[in-house]
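K.L.:
Pasting in a structure now, in structure tokens, and then I'll have a few things to ask.
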Amino acid sequence: MKQCKTLPFMFLRSMLVLFLSCLSVNTLGQSLTVSGTVTDEKGEPIIGASVLVIGTTNGSITNFDGIFTLNNVASNAQITISYIGMKSQTLSVNGKTSFKIVLKEDSEVLDEVVVVGYGTQKKVNLTGAVTMADGDVLEDRPIANVTQGLQGAIPNLNITFDGGSPNATAQINVRGTTSLNGGSALILVDGVETNDISLLNPQDIASISVLKDASSAAVYGARAAFGVVLITTKKGTKGEKVRVNYNNNFSWSSPSRLPEGINSSKWIHAINQASVNSGGNGDFSTELVEAIDRYNSDPVNNPSVFIDQTGKYTGIGQWAYAANTNWFEEFYKKSAFMQQHNASISGGTEKNSYYASIGYKGQDGLFAFGDDTYKRINMSFNFTSQLTNWLEITFRTKYNRNESDIPNTYDYMGSSPYHEVYRAFPFIPVYLPDGNFAAVAGSNFNYNIAGIMAQAGRDITSSDDFWYTGAFNITPIKGLSIKGDYTGNKFFKQQKKHQNILYQSQPDGTSIPQGSSNGVNNDKYNDTYQALNLWAEYKKTIKQHSFGVMAGYNQESKKITALKTKVSGLYDNNTPVSDLATTLQSIGEDATVWAVQGMFFRLNYDYLGRYLLEVNGRYDGSSKYKSGSQWGFFPSVSVGWRLSEEKFFEPARNLFDNVKLRASIGTLGNQVTNGNFDYLGYLDNETLSYVMGGKVISGLKAPTLASTNITWEKVTTTNFGLDIAMLNNRLNASFDYYIRNTNDMVISKTYPAVLGSSGGKENLANMRTNGWELSVSWNDKINNVGGSPLMYSIGVGLADSYSTITKFDNPEGALNNYYEGKRIGEIWGYVTDGFIQDEAEAQRMATIQGDISKTWKVGDIRYKDLDGVEGITSAKTIYNTGDQKVIGNTTPRYSFNINASASWKGFDVRVFFEGIAKRDLWIDSPVFWGFPSNSNVWQSAVNDYHVDNSWSENNTNAYYPLPSYSGRSKQTQTKYLQNGAYIRLKDLTISYTIPKAWISTVGIEQLKVFASGQNLWVGTKLFKYLDPDIVSTRQSNSKDNKLVGNLTSDGKAYPFSRTFSFGINLTF
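Those letters in the sequence shown? Residues -29 to -1, 1 to 1039, per mature numbering (1 follows the signal peptide of the UniProt record, and there is no 0), in order.
Right, here's the structure in full:
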């Protein structure tokens, strides 16, 4: 009976448990509709916040009232709420259907710090004009050096190169024209001036700050008048686990823009016609022209065209020299390889941190004959230790080695091979029938440049750059830090140029030496640099007032020595050793020193983070001036007002996160002069033009006049700025307008010729530069793109500047010099008035345009009469400009950059454009004209484009005038002024980061693979064979009708390259 009662009870209990279990499971799996509001800490709704159910594609965004709704949410799900500029939150649903979420501001946005002179500051509190970029701009790119990576990346940081060679020299300028004496930005790496940042390993760089106005650069004194570039390298972090990184980059480069070739018959007919048009009889004989025509009509059956080694047709000569050679295709490789490898280790303990790296770059150049190769090795080590709670010490060391090995061609060609490839005659073949080089040494530049490149000696340059720094930081009391560092640098450079004897093979199998001279040039340089910095900084906040004071001392010195020897007559042509030569041709030794000292200070004050004040000053001394003129005091002041912190701004705070007005004014000294001891008169030796006792006499030249009165050039910069952050820091913009007055510029004073000596220098000229710069960026994300957020950013930078002479000692207004009111870069020229149409007009032009030439032909250029006075005349002074006027300006205007990036599911895409929106160029070179302005045929650079677009009776609407060896139609003029504006796709990089779940089991923390392209495309209206980056400029006081500012560009340089690469970035 008992048993019967128990069984029904047990059954009922089991059924109840089963029911409740089912109910529980059903409840946990139930889909809910979840809604809520998202606000900031002030209760204001956040529009566009992302709300996502973790692990699903179910997401939403908040509306204008900050409200969101999510359907089909599991009751045990987790949701994440995020917004740019705010800290993300993750919440568990736990069956709830309504939420009120408050997002807090991400302090990292407001606390972002920027490296400034001798310290850091919060970006939000900056009052000077400072732009910062992190090392990411250099990552995963096939760049040969740091300067290539920075070009175009920061508004008004202007970087140009003298060519596309891997070791091309970079000119770094901040905010346009500086001084008539030049003046580049001061470049500091970890607070110390560097010789050449192209020697640095781009992978070691953590951040770059550019200090643009006088206020931000003031503490660096004399050499910072035209901006400062602060580069901070990577270092370890205390308490960080050991981290090992390895990355590589393999790339292939090819020339980006090269001229086309030309058929040798077409070329020789065009050359002879130009000679006839110039009153000549043709540069090449009828016999040679006919022979080359026969060869081109049937190269296989007409090989017997003979030219001797002087380039003259003989008919029975030694070798068949007829060819159709495209020298650009022969001279440059289709592709050149580069590889880079970098490895680093970093980490730290509770009190110590360290970072060590090593990098290697090996690069093949583009020369197809006589290979050019380049190598760089970088090593760095950084160690910091907290010895006590008040003392921290740091030790840094760097070693950079650079090597280049290129053909030594100058001694054979008299100019660079980049010039000669334009001049090479297309009927000269590369090889002879026996496989040896043809025409290794002809006359009048009628030679085989490939053979010379292959047989030439080598030009080998190597440099060793060793740095060491010891630093300390003492913090005896709260808010006070006392810092100091000492840096030493030893820089060694050696260049050996071997002039080899060239050989020309003969039909009988022998080889004849071409010239008997061989030799070696040995140049050795040794630089020793020392720098000492001591400074103290104290910060204190009293209620709503924050104060900061910094004061310090700086001392730097540098000694430069050089030893140069030149020998000839080597015993062994293949052993380029100076001791194994018969003749010492020359030996010279140079030594120079300079030093600077300075005391500096900075005072900072802010009230409630709303009103900002900074005062800087430096008392600077330079060895470049005589006693009594060596020292100067250079102050600056800047203020800032954060309107967004004012009460009246509260209604707009939903839209604006930060609005700050800035203003600064300050003066810096510029010590840039052409010499270190211009205040002293000095003697120099000179080989004189007469002989005594059978020997050429050497003597001393008359001394230059001492420039005893020169002192600092004074550079005063006024800057107004506006910084805006909007929409929870998604939209950021910064604008600066500046006026920079460079006063007391040092120029040479003109003295009567009877003085018998060159004049001294004085502070006699002033210049004003006006400019502005704008940067705008947008950072955001799109929620739930294929189940993951898409992060993206877009940035635009735009800058402009121009410079005007405001004082110059030129009372006559001569145009062969600077004058008051002159815009730097002015191009003076004629207005083109079409072509001369007939013989009668050509005869009249002999009188009308007789100032230019007495001979004119149909198809020549006609110039416009501007002054109404009979006859076309050139400008003489600003008061007598004749028929010329300002027709353009070489100053680059409206430089811009556009960058965009996106990240999604481990994929990253980055694209970067840069360019110049306005620039005029006058290209006074056969590269543009094809035919030279004189009778030297070897200076021609004729190709198909020149011939097809030159005036002839059958082509009267041509672009070019009648071909000739005359400059009469090639005067500076409007028709042929070139538009130097361009836009370039500088970088396109695609990378993929392998998911951690795939690699964590083998101890890999991160693995990224990437592919990149550099200089992939350029859009420009510039002459089709010129690269906008390669039009190097020259300025002369006597060029183009003696009009200073007609900067001419010839485009003859090592070509820039289009590069494709791939690599990996691996972290353990």
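Note that the Cβ used here is the ideal one computed from N, Cα and C, for glycine as well. All figures in this text were calculated on a predicted structure; none of them were measured in a lab.
Can you list the beta strand (DSSP E) stretches of 3 or more residues lying completely in the region 787 to 854, in chain order?
P.N.:
List check, beta strand (DSSP E) in window: 797 to 800, 803 to 806 and 832 to 834.
K.L.:
Let me know if residue 958 comes out buried or exposed under the rule of 16 or more other beta-carbons within 10 Å of its beta-carbon.
P.N.:
As a position in the sequence shown, residue 958 is number 987, starting the count at 1. By the 10 Å Cβ count, residue 958 comes out buried.
K.L.:
In whole angstroms, give me the CA-to-CA distance for residue 714 and residue 732.
P.N.:
As a position in the sequence shown, residue 714 is number 743, starting the count at 1. As a position in the sequence shown, residue 732 is number 761, starting the count at 1. So the alpha carbons of these two residues sit roughly 15 Å apart.
K.L.:
Check the DSSP bridge columns for residue 226 and list the partner residues they point to.
P.N.:
Locating residue 226 in the sequence shown gives position 255, counting from the first residue. Answer is 1028, bridged to residue 226.
K.L.:
Identify whether residue 396 lies in helix, strand or coil by the three-state DSSP scheme.
P.N.:
To locate residue 396, count along the sequence shown from 1; it is residue 425. Note: residue 396 maps to coil in three-state DSSP.
K.L.:
Can you tell me which of the three DSSP states residue 194 falls into?
P.N.:
For the purposes of this step, residue 194 is identified with residue 223 of the sequence shown, where counting begins at 1. Correct three-state label for residue 194: helix.
K.L.:
Buried or exposed: residue 213, going by 16 or more other Cβ atoms within 10 Å of its Cβ?
P.N.:
Taking the first residue of the sequence shown as 1, we reach residue 213 at position 242. By the neighbour-count rule (16 or more Cβ atoms within 10 Å), residue 213 is not buried but exposed.
K.L.:
If residue 953 and residue 886 are in contact, beta carbons under 8 Å, what's the gap, nearest whole angstrom?
P.N.:
On the sequence shown, position 982 is the one that residue 953 refers to. On the sequence shown, position 915 is the one that residue 886 refers to. Indeed, because the Cβ distance is near 5 Å, the residues count as touching under 8 Å.
K.L.:
Residue 770: which of 867, 703, 832 and 898 sits nearest, CA to CA?
P.N.:
Here residue 770 corresponds to residue number 799 of the sequence shown, with the count starting at 1. Nearest C-alpha to residue 770: 867.
K.L.:
Sort out for me which residues DSSP pairs residue 879 with in a bridge.
P.N.:
In the sequence shown, residue 879 corresponds to position 908, counting from 1. According to DSSP, which records beta bridges pairwise, residue 879 is partnered with 874 and 962.
K.L.:
Can you list, in chain order, the residues of its chain whose CB lies under 6 Å from that of residue 196, leaving out five sequence neighbours each side?
P.N.:
Mapped onto the sequence shown, residue 196 falls at position 225. If we look at residue 196 and ignore the five residues flanking it on each side, its Cβ neighbours are 639, 641 and 686.
K.L.:
Between residue 396 and residue 694, what straight-line distance do the alpha-carbon atoms span, to the nearest angstrom?
P.N.:
Numbered from 1 along the sequence shown, position 425 holds the residue referred to as residue 396. Numbered from 1 along the sequence shown, position 723 holds the residue referred to as residue 694. Cα to Cα, the separation comes out at about 59 Å.
K.L.:
Nearest to residue 775 by alpha carbon, out of 792, 783, 786 and 761?
P.N.:
One-based indexing of the sequence shown puts residue 775 at position 804. Selected option, being the one with the closest Cα: 792.
K.L.:
Measuring CA to CA, which of 350, 165, 734 and 561 is closest to residue 501?
P.N.:
Your numbering for residue 501 matches position 530 in the sequence shown. Ranking 350, 165, 734 and 561 by Cα distance to residue 501 puts 165 first.
K.L.:
Excluding the five sequence neighbours on either side, which residues of its own chain have a C-beta within less than 6 Å of the C-beta of residue 407, listed in chain order?
P.N.:
Looking up residue 407 in the sequence shown gives position 436. Here the set comprises 476.
K.L.:
Straight-line CA distance for residue 1079 to residue 1024?
P.N.:
Within the shown structure, residues of the chain are numbered from -29 to 1039, placing residue 1079 beyond reach of any answer.
K.L.:
Grab the span of the alpha helix (DSSP H) containing residue 900 for me, first residue to last.
P.N.:
Numbered from its first residue, the sequence shown carries residue 900 at position 929. Residue 900 -> alpha helix (DSSP H) spans 897 to 900.
K.L.:
Taking 8 Å as the cut-off, decide whether the C-beta atoms of residue 190 and residue 125 are in contact.
P.N.:
Here residue 190 refers to the residue found at position 219 of the sequence shown. Here residue 125 refers to the residue found at position 154 of the sequence shown. Going by C-beta atoms, residue 190 is not nearer than 8 Å to residue 125.
K.L.:
Name the one or two DSSP bridge partners that residue 589 has.
P.N.:
By 1-based counting over the sequence shown, the position of residue 589 is 618. According to DSSP, which records beta bridges pairwise, residue 589 is partnered with 571 and 605.
K.L.:
Which same chain residues end up closer than 8 Å to residue 564 when comparing Cβ atoms and leaving out the 5 residues on each side of it in sequence?
P.N.:
Taking the first residue of the sequence shown as position 1, residue 564 is located at position 593. Taken in chain order, the residues that qualify are 528, 529, 530, 531, 594 and 647.
K.L.:
Going by beta-carbon coordinates alone, are residue 860 and residue 796 separated by less than 8 Å?
P.N.:
For the purposes of this step, residue 860 is identified with residue 889 of the sequence shown, where counting begins at 1. For the purposes of this step, residue 796 is identified with residue 825 of the sequence shown, where counting begins at 1. Yes. Within cutoff.
K.L.:
Can you list, in chain order, the residues of its chain with a C-beta nearer than 6 Å to that of residue 209? Leave out the 5 residues immediately preceding and following it.
P.N.:
As a working mapping, residue 209 is identified with position 238 in the sequence shown. Excluding sequence neighbours, residue 209 sits near 319 and 324.
K.L.:
By the three-class DSSP mapping on this structure, what secondary structure does residue 694 have?
P.N.:
Position 723 of the sequence shown, counted from the start, is the residue given in the question as residue 694. Note: residue 694 maps to strand in three-state DSSP.
K.L.:
Use the C-beta contact count for residue 515: other C-beta atoms within 10 angstroms, 16 or more gives buried, fewer gives exposed.
P.N.:
Counting from 1 along the sequence shown, the entry for residue 515 is found at position 544. Exposed: under 16 other Cβ atoms inside 10 Å.
K.L.:
For residue 999, which of helix, strand or coil comes out of DSSP?
P.N.:
Start at 1 with the first residue of the sequence shown, and residue 999 comes out as number 1028. DSSP places residue 999 in coil when its eight states are reduced to three.
K.L.:
For residue 169 versus residue 141, is the C-beta spacing smaller than 8 Å?
P.N.:
In the sequence shown, residue 169 corresponds to position 198, counting from 1. In the sequence shown, residue 141 corresponds to position 170, counting from 1. Result yes, Cβ atoms of residue 169 and residue 141 sit closer than 8 Å.
K.L.:
Should residue 850 go down as buried or exposed, given a rule of 16 or more other Cβ atoms within 10 Å for buried?
P.N.:
Translated into the one-based positions of the sequence shown, residue 850 becomes position 879. The residue in question, residue 850, is exposed, as its Cβ has fewer than 16 Cβ neighbours within 10 Å.
K.L.:
Which partner residues does residue 441 have in the DSSP bridge list?
P.N.:
The residue given as residue 441 occupies position 470 in the sequence shown. The partner list for residue 441 (beta bridge, DSSP) reads 366 and 457.
K.L.:
Does DSSP classify residue 515 as helix, strand or coil?
P.N.:
Position 544 of the sequence shown, counting from 1, holds the residue named residue 515. Reduced to three states, the DSSP call for residue 515 is coil.
K.L.:
Return the first residue and the last residue of the alpha helix (DSSP H) that residue 263 is part of.
P.N.:
If you number the sequence shown from 1, residue 263 lands on position 292. From DSSP, the alpha helix (DSSP H) with residue 263 extends over 257 to 268.
K.L.:
Starting from residue 101, follow the beta strand (DSSP E) in both directions and report where the run begins and ends.
P.N.:
Counting from 1 along the sequence shown, the entry for residue 101 is found at position 130. 101 to 105 is the span of the beta strand (DSSP E), which, as asked, contains residue 101.
K.L.:
Quick one: what does DSSP say residue 1039 is sitting in, helix, strand or coil?
P.N.:
As a working note, residue 1039 is residue 1068 in the sequence shown. Of the three classes helix, strand and coil, the one that applies to residue 1039 here is coil, per DSSP.
K.L.:
Whole angstroms are fine: how far does the CA of residue 263 sit from the CA of residue 279?
P.N.:
Counted from its first residue, the sequence shown places residue 279 at position 308. Counted from its first residue, the sequence shown places residue 263 at position 292. Caution is warranted here: a pLDDT of 47 is assigned to residue 279, below 50, making its placement in the model unreliable, and no coordinate value can be reported.
K.L.:
For residue 19, I'd like the list of residues in its chain whose CB is within less than 6 Å of its CB, leaving aside the five on either flank, ordered along the chain.
P.N.:
For the purposes of this step, residue 19 is taken as residue 48 along the sequence shown, with counting starting at 1. Only 32 meet the Cβ criterion.
K.L.:
Applying the 10 Å Cβ sphere with the 16-neighbour rule, what's the burial state of residue 1026?
P.N.:
Locating residue 1026 in the sequence shown gives position 1055, where the first residue counts as 1. Buried: at least 16 other Cβ atoms inside 10 Å.
K.L.:
For residue 631, does the count of other Cβ atoms within 10 angstroms reach 16, so buried, or fall short, so exposed?
P.N.:
Residue 631 sits at position 660 when you count from the first residue of the sequence shown. With 16 or more other Cβ atoms within 10 Å, it is buried.
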